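Everything on this sheet refers to the single structure shown next.
Chains as they are written, first to last, in the numbering used here: chain H, 1 to 419; chain C, 1 to 419.
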């Protein structure tokens with residue numbers, strides 16, 4: 001096991017690319033596809049865990065496709081505008097009723113769209129092509145056998161696979177399940193994500209802020225980001241700045257959740273207390289510490305008690321961007337969700353940008369229309385400022401090896417929030 | 001009032017375009033922007049109902065931007081690698097603490113990132129540029145006043161508008177609110193939508209299906225579509241096929257919801273019972289009956305008791321497509337939501353298509369890759385078949401005046417389900 005990590009990463013704590021981090025984690029942990037059985041009304045947006053086979057034919061009976069008269073087709077042959085065929089009206093069939101009548105020769109029955117074709121009939125005449133006189137109906141156009149009839153099973157045969165495992169339950173898919181009488185549906189379980197903040201200076205939103213203290217931003221923001229990628233967040237609060245307290249909270253998270261996300265306390269120096277505490281929870285421990293990405297350097301990835309623990313930077317902007325790049329794809333994949341629809345726009349860079357070689361850089365930008373063109377203006381408030389992120393419209397990526405992006409060059413901006 | 005409709009629509013029951021229907025409805029009903037006050041943890045994805053102004057400076061105190069030593073900048077002037085300045089270590093300040101110490105001349109205090117700068121100090125020296133020897137610290141580089149300090153209010157001044165009414169509460173926006181200690185937030189109220197199905201042949205999903213009966217598809221499918229566009233659905237069940245029963249159910253819907261959506265029973269013939277029943281609920285009644293759109297002809301739009309009632313076709317495929325075109329934009333707008341992110345792809349039409357002049361046609365298609373190109377193959381099962389919609393990847397629009405779309409011509413396919 002430890003050998004295996006060594007094979008992959010000569011020094012497990014060296015700075016690695018996000019792709020590499022993903023690969024290392026993949027060797028130690030694969031999300032298990034668990035199943036929830038939920039009522040149809042609560043299944044929207046979830047992912048089917050199993051193929052669905054129809055237990056019934058659709059339609060379940062031969063039904064009229066028009067309002068008009070159920071007839072024996074042969075009786076109408078030869079009918080024309082000039083020489084209508086005269087049929088005897090023997091009753092009516094409404095939608096929702098099961099007809100007890102049976103058509104004899106030259107008989108007909110009034111019928112509504114969707115109503116069952118009565119015994120003896122094999123077609124329907126549209127009301128527009130007939131005239132009723134008391135209990136006689138004049139038919140002005142012939143119909144072929146099965147004309148204006150939707151035959152049993154013509155849409156769907158019993159035993160047909162109607163939806164595949166892995167499909168998202170859209171309104172149309174929910175309708176399809178309802179059509180074949182399905183009430184309960186097997187869907188992929190969402191990942192339960194324990195969200196923990198660390199930092200002795202933090203207080204919970206709504207608590208009194210003492211002198212020297214600040215509100216926890218990452219807890220609420222990351223919980224929201226977990227929901228947005230299809231996970232179920234549980235906020236475990238603020239870990240103290242000492243190993244035993246951190247371990248207690250992370251252990252709690254591991255006990256009841258599938259994934260733990262802890263932010264803060266993972267940068268160089270005194271802050272290393274968090275990855276150290278998690279490393280001591282058991283093998284394989286910390287797999288990656290340090291991402292070749294800006295923001296995101298202090299990120300770590302660990303596996304403890306068979307579950308992944310993601311350590312995010314303490315700065316909110318960094319924490320949210322690393323979450324989107326590194327954690328969200330796991331949560332989506334584990335829940336069977338497809339990659340998100342990301343809107344990108346091409347824009348000209350508003351000012352020259354210097355980027356460090358050897359790491360990806362994600363640059364938050366504001367979009368501005370100037371001289372008929374779209375410009376992306378980098379936001380320079382720094383990753384310590386949460387307002388950076390709420391002011392940004394999106395971000396663009398500077399690749400690992402690029403050091404300079406010239407003013408006016410075209411960049412591809414990924415919009416935040418699917419908007 | 002009635003005159004007003006006449007001005008707009010010489011015959012209020014003539015077939016009109018969806019845009020026109022929207023315009024007529026707009027004269028009789030504008031969604032009211034109501035407000036919910038919700039806790040931050042439940043506000044994700046909602047739309048702010050009011051601007052948010054910060055009641056505090058951010059940061060709330062001058063804080064260290066690095067791990068190192070709080071100093072008086074002037075004391076470090078002249079320090080160099082060869083000639084460090086010697087400062088007296090008088091204590092330490094940790095994040096979350098309020099320092100009681102005060103720096104005198106040539107004093108310094110150990111300080112952690114995020115901790116308050118103690119009185120007397122005006123800068124911080126990075127730990128990397130110092131060496132500690134007992135209670136003496138050698139500083140190897142000078143710092144300017146305010147260097148490595150984040151000043152109170154430098155990110156945000158009290159009284160600054162931090163978020164605008166109409167913004168969606170993304171994870172970053174939730175973080176911004178948390179940062180300034182906000183617990184409860186004013187958001188636009190979602191539209192409560194009463195969903196009613198009509199048809200004597202319908203039974204609820206999960207109920208025993210009697211002979212001649214079919215499961216209600218539209219109820220569950222439309223409820224899901226309401227959720228997907230940001231509304232709150234209430235399923236009111238199945239209306240019987242007679243006026244008084246329909247009126248009772250629609251009245252119930254109007255009493256507790258903002259919008260009523262009823263499907264089925266609005267096509268020509270006996271089915272006209274639904275718009276008739278709704279028309280009798282009061283003025284202005286039915287504003288539009290019949291859309292120049294395929295599917296969607298039997299659609300109607302009414303206003304009763306000051307609230308809109310949308311009548312959708314009974315066929316599930318038609319009902320869902322008309323819902324998306326006509327109803328969803330209203331529900332989104334009333335909740336303050338932006339238009340959905342719709343993914344479109346360009347594809348070649350798989351077979352020649354004939355479309356009726358004088359109406360828009362929405363053609364559901366399956367996408368196929370053939371000879372390196374994307375082809376859109378129309379699904380021909382018809383709007384009666386719910387499986388049409390769940391088999392389709394998306395649809396393209398044939399404009400009002402176009403009658404033929406040639407095989408191989410390029411069409412713009414809007415993908416279903418945001419995917």
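Each residue gets a CB set at the ideal place from its N, CA and C atoms; glycine is no exception.
Values in this document were obtained by computation on a predicted structure and should not be read as measured data.
Asked, Found
"Per DSSP, cross-strand counterpart(s) of residue 388(H)", "According to DSSP, residue 388(H) bridges with nothing at all."
"Length of the line joining the Cα atoms of residue 374(H) and residue 367(H)", "7 Å"
"Check whether residue 377(C) and residue 350(C) have beta carbons under 8 Å apart", "yes"
"Same chain only: Cβ atoms within 8 Å of residue 280(C), ignoring 5 sequence neighbours per side", "243 and 247"
"CB contact check: residue 110(H) to chain C, cutoff 8 Å", "no"
"Neighbour-count burial assignment, residue 401(H), 16 or more Cβ in a 10 Å radius", "exposed"
"For residue 91(C), three-class secondary structure by DSSP", "strand"
"Closest by C-alpha distance to residue 121(H), when choosing among 114(H), 132(H), 129(H) and 109(H)", "109(H)"
"Candidates 126(C), 58(C) and 124(C): closest to residue 154(C) by CA position", "58(C)"
"Whether residue 295(H) touches residue 318(H) by CB criterion (8 Å)", "yes"
"Cross-strand partners of residue 235(H) (DSSP beta bridge)", "195(H)"
"Residue 99(H) versus 114(H), 106(H), 86(H) and 324(H), residue with shortest Cα-Cα distance", "114(H)"
"Sheet register partners of residue 437(H) (DSSP bridge)", "Chain H is shown only over 1 to 419; residue 437(H) falls outside these bounds and no answer can be derived."
"Cβ-Cβ distance between residue 354(C) and residue 412(C) below 8 Å", "no"
"3 or more residues per run - each beta strand (DSSP E) lying fully within the region 258-344 of chain C", "259-263, 285-289, 300-304 and 307-312"
"Span of the alpha helix (DSSP H) around residue 250(H)", "243-256"
"Counted within 10 angstroms of its Cβ, other Cβ atoms place residue 184(C) as buried (16 or more) or exposed", "exposed"
"Bridge partners - residue 397(C), DSSP secondary structure assignment", "362(C)"
"Min CB distance residue 200(C) to chain H below 8 Å", "yes"
"Where residue 215(H) meets chain C, residues with beta-carbon distance less than 7 Å", "178, 179 and 181"
"Span separating the alpha-carbon of residue 169(C) from that of residue 46(C)", "6 Å"
"Same chain only: Cβ atoms within 8 Å of residue 136(H), ignoring 5 sequence neighbours per side", "86, 87, 88 and 89"
"Where the region 157-171 of chain C meets chain H: residues whose CB sits under 7 Å from a CB there", "162, 163, 168, 170 and 171"
"Members of the region 274-305 of chain C near chain H, C-beta cut-off 7 Å", "none"
"Assigned exposure category for residue 407(H) - 16 Cβ within 10 Å defines buried", "exposed"
"When 118(H), 361(H), 233(H) and 201(H) are compared against residue 241(H), the one with the closest alpha-carbon", "201(H)"
"Span separating the alpha-carbon of residue 43(H) from that of residue 54(H)", "18 Å"
"Residue 78(C) beta carbon less than 8 Å from that of residue 142(C)", "yes"
"Nearest-angstrom Cα separation, counted from residue 290(H) out to residue 269(H)", "Any reading at residue 269(H) must be qualified, since the residue scores a pLDDT of 44, below 50, and its modelled position is unreliable; the value itself is stated next. Roughly 13 Å between the two C-alpha positions."
"Sub-8 Å separation of residue 360(C) and residue 255(C) beta-carbons", "no"
"Beta carbon proximity, residue 94(C) to chain H, threshold 8 Å", "yes"
"Which residues DSSP lists as bridging residue 412(H), in chain order", "346(H)"
"Status (buried if at least 16 other CB within 10 Å, exposed otherwise) for residue 215(C)", "buried"
"Neighbouring residues, chain H, relative to residue 98(C) (Cβ below 9 Å)", "210, 211, 212 and 213"
"Residue 119(H) at chain C interface by Cβ criterion, 8 Å", "no"
"Bridge partners - residue 68(C), DSSP secondary structure assignment", "111(C) and 126(C)"
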